Structures are given as structure tokens and as C-alpha cells.
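Structure first, commentary second.
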Amino acid sequence: LTNKELKGKKVIVTAGPTIEPIDPVRYLTNHSSGKMGYAIAEEAEKMGAEVILISGPTHLKAPDGVEVVRINTTQQMFNEIEKRFNGCDVLIKAAAPLDYKPEEVYNNKIKKGNGKLELSFTRNPDILKYFGNNKKDQIVVGFAAETDNVLENGRKKMKNKNLDFIVVNDVSNKDAGFKKETNVATIIDKEGTEKSYPKMSKRELAKIILDKILDNFS
Ligand code: PMT
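For the sequence shown, the residue numbers in this note's numbering are 1 to 218.
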């Protein structure tokens, strides 16, 4: 028996990587598969929430009962959240958006020469920071993908992005992070509570995250 404890709540989940084009045949991306975000979207739907999943390119199938909005770039992810943020109760950012994009997108394929190819990059918006700092009564949850000074960097991101809590994962751990079926996480909240969890499936971690959101409502 599942309790529909999130009934009446509108939840935006982001998942997957973003991609930034370089020319008509090449792009920049990262290792995110979308599994973490899709697991959260599925579990939130089971708990009765109205779920909008804003997803970068992935091979995953749309979870039943979830509205999926597909995007490519970080700016597109920002725009799709912006359209819906005022009407939502929760934003969970499990996606891995690219922080940088090529300064110039070439209209034609870049031809190879003999020497080096140099490209410059400009910053993309920090989506989570923007919405964390512009929230009204929404619960805003972030992730931190770290390889070193894991908890310290997680704490900094939580404060800087004005989050309700952050799910910190060490992506250099063989059981955690990109593409894996499992994750190993520490959740740090704005009250300063830090709780570390053992290795578990992304679905189990999704339930823990959603239960913590429920606590924030009550
Ligand atoms: O997709 P999987 O293969 O299942 O892998 C899961 C995961 C490793 C992608 C996931 O568990 C995870 O850690 N997601 C966050 C990845 C990330 O971008 O981390 P970050 O520490 O660089 O960013 C911190 C937070 O800011 C994240 O919530 C991120 O969504 C957000 N962000 C980052 C950059 C940016 N320009 N805008 C953002 O909103």
C-alpha cells in the first residue's frame, strides 16, 4: 500500500546531462545517464505528486504518469523551469547541467588542420542558485557531485544556492554517481544536520529524499 502523501503537490525534477553544440556534428556533454533523476520522478509520482521531469538527452523511458519535457542545453533547462517555477511546490535538481558552453557555435563543420584546435567557453547560468535565491515557499533540493573535499564542497553549495537540503555524492566512489544503479550519499540540510547513508539503489535514495521533503511540509 502506498500512501499518496504528495497528492496535490507539484514537483519539478531535473535529470540527465545537458549538451552544448560546438558545430553541426560535435557537442560537449558529461557522464550523467539520468537514472538518479528518473528514479526520483517515478517515486514522486507513486506518492501522488504531479511530476514534471525536465530531462537532458538520456536513453531512459519516460516514467508512467510523468510529464517529460526534453531539453538539450543548460539555458533551455533554465527556461523550462522558469515557465513553471511559480506554480510548483518542490524543485529537485538531480541533473548535471554543463557550466560552460562554447563561446561560438560554428554553422559549418570545423575542418581539421595539422595544428591544435582551440575553443573558448563562456559560463552558463547556475540554474539552482538562481531558483534557490528566488524561491518563495518552494522546497528547493540540490545535488552535489564531488570528487574531493566532498562534504565541505557540499556544505558550501547548500549555502550559496540557498537550498533546503543537498544530496552530496562522491562520484569517484565505485558504487556512486554517474551511470551506476546505486548511490552513496550524505544529506546536508539548512538546519546543519548531516546524515550519511550506506550504498543503496537510486530508487531507495529517491524515497529517502522524498520522505525528507514530506517532513519539510509538515
Ligand atoms: O544521472 P546519473 O547517471 O544517475 O548520475 C547521477 C548524478 C551523479 C548526475 C547525480 O547524483 C548528481 O550528483 N547530480 C548533480 C550533478 C551536478 O551537476 O553537480 P554539481 O555539484 O556540479 O552541481 C550542484 C547542483 O547545482 C546540482 O543540483 C546541479 O543540478 C545544479 N547546477 C549545476 C550547474 C548549473 N549550471 N546549474 C545547476 O543548476
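Note that the Cβ used here is the ideal one computed from N, Cα and C, for glycine as well. In this text, all values refer to a predicted model and were calculated from it rather than measured experimentally.
Item to complete: Going by DSSP, name the residue or residues bridged to residue 50.
Response: 10
Worksheet item: Is residue 41 near the ligand PMT, with its Cβ less than 8 Å from a heavy atom?
Response: no
Worksheet item: Enumerated in chain order, which unbroken segments of the beta strand (DSSP E) with a length of 3 residues or greater are wholly contained in the region 55 to 137?
Response: 67 to 70, 90 to 93, 100 to 102 and 121 to 123
Discussion item. Using 8 Å for Cβ pairs, my map puts residue 179 next to residue 31. What's the rounded Cβ distance?
Written reply: 6 Å
Worksheet entry | Cβ pair residue 130, residue 22 closer than 9 Å | no
Worksheet entry | Per-residue DSSP class, three states only, for residue 19 | coil
Worksheet item: Which residues in the same chain as residue 139 place their Cβ atom closer than 6 Å to its Cβ, once the five residues preceding and following it in sequence are excluded?
Response: 90, 164, 213 and 216
Item to complete: Assign residue 181 to buried or exposed, taking buried as 16 or more other Cβ atoms, counted over all protein chains shown, within 10 Å of its Cβ.
Response: exposed
Worksheet item: If residue 184 and residue 92 are in contact, beta carbons under 8 Å, what's the gap, nearest whole angstrom?
Response: Their Cβ separation, rounded to whole angstroms, is 18 Å, which puts residue 184 and residue 92 out of contact at 8 Å.
Worksheet item: With respect to 8 Å, is the separation between the Cβ of residue 127 and the closest non-hydrogen atom of the ligand PMT below this value?
Response: yes
Practice prompt. Please list, in chain order, all residues of the same chain as residue 152 whose beta carbon is under 6 Å from its beta carbon, the five residues on each side excluded.
Written response: none
Discussion item. Here's the rule I'm using: 16 or more other beta-carbon atoms within 10 Å means buried, otherwise exposed. How should residue 205 be labelled?
Written reply: buried
Worksheet item: So, are the CB atoms of residue 142 and residue 171 less than 9 Å apart?
Response: no
Practice prompt. Please name the residue, chosen from 42, 137, 48 and 35, that lies closest to residue 96 on a Cα-to-Cα basis.
Written response: 35
Worksheet item: Can at least three beta-carbon pairs, one atom from the region 64 to 78 and one from the region 104 to 118, be found at a separation below 8 Å?
Response: no
Discussion item. Within 10 Å of its beta-carbon, does residue 38 have 16 or more other beta-carbons around it, so buried, or fewer, so exposed?
Written reply: buried
Worksheet item: Within this structure, are the beta carbons of residue 71 and residue 80 separated by less than 9 Å?
Response: yes
Discussion item. At the level of alpha carbons, what is the spacing between residue 114 and residue 100?
Written reply: 26 Å
Practice prompt. Report buried or exposed for residue 119, applying the criterion of at least 16 other Cβ atoms within 10 angstroms of its Cβ.
Written response: exposed
Worksheet item: Roughly how many angstroms lie between the CA atoms of residue 15 and residue 109, to the nearest whole one?
Response: 29 Å
Practice prompt. Verify the contact flag: residue 97, CB atom, against every heavy atom of the ligand PMT, threshold strictly below 8 Å.
Written response: yes
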